Amino acid sequence: MRDFLPANLRLLCSHYRSVAEVCRKLRINRGQFNKYLCGNTVPTAFNLKRICDFFGVEEFEIGLPTDKFINLIGGKTARATASREVSAPERILDHLRQQSSMQIKAYAGYYYEYYHAMTEPGSIICALVHVHENGEHFVYERNERLQIVGAQEEFEQYRYVGLAYYLQDRLFLIDYESLTSNEISQTILIPSFKSCITRLNGLKIGVSAADHRTPACSRVVWEYLGQEIRTDAYRKVRLYSLDDPFIDDDLRARLAQTSVVDGLFVIS
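Shown next, in the form of structure tokens:
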């Protein structure tokens, strides 16, 4: 196996964008994997099984002479391609992923999200958002809590999950409510061009969770909290009145800076 494994492994990796991508998907240390590629060492039985399962080959096959292995892989690749064509939604998502700038990495982390509540007009909702990398995509989770009227510190919980893209100096985020799956919302943020991210301005469009389900648009502000958060961060996730001391003057001003120009709701 030692004689042919490195060449066969390099052949398998050539079907991916980079060795780094393979290591990330396999969750194998890049330095250790490079030793396999160079022939300095062979994988343990455990790692060999993981590698073979990932690439869809048998353990004895990966040790075959390279010319035989090429013929074998060619046949398997053709059969796999014929058996599964990429669907239209997958092509759309993959196209957006490829067009999205890797500048989005700078925006991974936790945020408080503030916007005018669509279900409770006259109130500001504070949600907790986590943007992170998952495989080749950037995804996020958004958690909201709405106080139950007449109940002491009891809340309705909402959890949104979605995808994030950085396209030509704008952050685009689209999500759906994962518990009921009855609404989709979109957020567009203006990135910070400063070295330190503090607050990001943007617009959010969605629908009211009330019975009338009115479509609505609001100014939105994301406040960066960091790569990690305190355990009590979730306590601040709730509805606030416009004059609540928790909503500072800067935040209140950002949420108010909107106007309608030629029929367009824009950030002023």
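In the UniProt record's numbering, the protein residues as written are 1 to 268. C-beta: ideal position from N, C-alpha, C; glycine also. Here the structure is a predicted model, which is why all the values come from computation and not from measurement.
Take every Cβ of the segment 102–115, pair it with every Cβ of the segment 220–227, and state whether three or more of those distances are shorter than 8 Å.
Flag = yes, the segment 102–115 and the segment 220–227 touch.
Which residues DSSP lists as bridging T187, in chain order
Within the DSSP bridge table, the entry for T187 names L173, K204 as partners.
Determine the DSSP secondary structure at Y16, reduced to helix, strand or coil.
Correct three-state label for Y16: coil.
How is the alpha helix (DSSP H) around Y36 delimited, first residue to last?
Here the alpha helix (DSSP H) through Y36 covers 30–38.
How many Å lie between E136 and F193 at the Cα?
Distance from the CA atom of E136 to the CA atom of F193, rounded to whole angstroms, is 24 Å.
Does the separation of the CB atoms of S178 and V161 fall below 8 Å?
In this structure, V161 lies closer than 8 Å to S178 by Cβ.
Which residues bound the beta strand (DSSP E) around P215?
Per DSSP, the continuous beta strand (DSSP E) segment holding P215 begins and ends at 215–226.
Verify whether the separation of the beta carbon atoms of H116 and L255 is less than 8 Å.
Between H116 and L255, the gap from beta carbon to beta carbon is short of 8 Å.
Of the choices L9, V207, R24, whose alpha-carbon is the least far from that of N134?
The shortest Cα separation from N134 among L9, V207, R24 belongs to R24.
By how many angstroms is the C-alpha of S218 removed from the C-alpha of Y240?
If I take the Cα positions, the gap works out to 15 Å.
Verify whether the separation of the beta carbon atoms of L173 and S100 is less than 8 Å.
Not a contact, by the Cβ cut-off of 8 Å.
Three-state class that DSSP yields for L167 in the structure shown:
Secondary structure at L167: coil, using DSSP grouped into helix, strand and coil.
Decide if the segment 1–15 is in contact with the segment 47–64; the criterion is three or more beta carbon pairs, one per stretch, under 8 Å apart.
Touching, per the Cβ criterion.
With respect to the beta strand (DSSP E) encompassing A127, which residues constitute its N-terminal and C-terminal limits?
123–134 is the extent of the beta strand (DSSP E) around A127.
Helix, strand or coil for V139? Go by DSSP, reduced to three states.
Assignment of V139 by DSSP, reduced to helix, strand and coil, places it in the strand class.
C-alpha distance - D243 paired with I125, whole-angstrom precision
Rounded to whole angstroms, D243 and I125 show a C-alpha spacing of 13 Å.
Would you tell me roughly how many angstroms separate the C-alpha atoms of R170 and Y36, rounded to the nearest one?
When rounded, the distance between both Cα atoms is 41 Å.
For R142 and E113, believed in contact at Cβ under 8 Å, the rounded distance:
Cβ atoms of E113 and R142 come within 8 Å of each other, at about 7 Å.
Distance, F246 Cα to L48 Cα:
In this structure, the straight-line span from the alpha carbon of L48 to that of F246 is close to 55 Å.
From this set, D262, K236, Y140, L200, which residue's C-alpha is nearest D175's C-alpha?
Cα-wise, what sits closest to D175 is Y140.
Please name the residue or residues paired with R238 in a DSSP beta bridge.
Bridge partners of R238: C126.
Taking only three categories from DSSP, how would you classify I148?
In the three-state scheme derived from DSSP, where H, G and I count as helix and E and B as strand, I148 is classed as coil.
Which of the three DSSP states, helix, strand or coil, is assigned to E61?
In the structure shown, E61 sits in a helix (DSSP, three-state: H, G or I).
Using only CA atoms, which one of R97, T231, I148, L9 lies nearest to V42?
Each of R97, T231, I148, L9 was checked against the Cα of V42, and the nearest Cα belongs to L9.
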